[in-house]
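First up is the structure itself, then whatever we jot down about it.
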Amino acid sequence: MGATKIHPIIALWRTFGKEMSAAEFRKWYWEQPEEERSQLANLAAEELGRELDEEADKMPDVEPS
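The structure is reproduced here in structure tokens:
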């Protein structure tokens, strides 16, 4: 099973912008100062990391062959 690649802005939208459309979130995101965009990206990366860890915990352990 291959890894799913998620565009960074979509990942941010999934984490922070659920109450607005993806287009509205994208517009809002680019209106933010660069430092705030960077902080949002870091927070979203942490959230996605937690989601991936949770999914990995559900998978059976496999011994290398």
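For the sequence shown, the numbering used here begins at 3 and goes up steadily by one. Each residue gets a CB set at the ideal place from its N, CA and C atoms; glycine is no exception. Computed from a predicted model, the values in this text were never measured in an experiment.
Where does residue i land, buried or exposed, given buried means 16+ other C-beta within 10 angstroms?
| i | result |
| --- | --- |
| Leu54 | exposed |
| Trp15 | buried |
| Ala46 | buried |
Below 8 Å on the Cβ atoms is my guess for residue i versus residue j; work out the distance and round it to an integer in Å.
| i | j | result |
| --- | --- | --- |
| Phe18 | Leu50 | 12 Å between Cβ atoms; not a contact. |
| Met22 | Trp32 | Not confirmed; about 14 Å, so no contact. |
| Ile12 | Ala24 | 7 Å |
Along the chain, where does the alpha helix (DSSP H) that runs through residue i open and close?
| i | result |
| --- | --- |
| Pro66 | No alpha helix (DSSP H) contains Pro66, which DSSP labels as neither H nor E. |
| Lys60 | 36-60 |
| Glu33 | 24-33 |
Closer than 8 Å by C-beta to residue i: which residues in its own chain qualify, once you throw out the five before and the five after it? Chain order, please.
| i | result |
| --- | --- |
| Pro66 | none |
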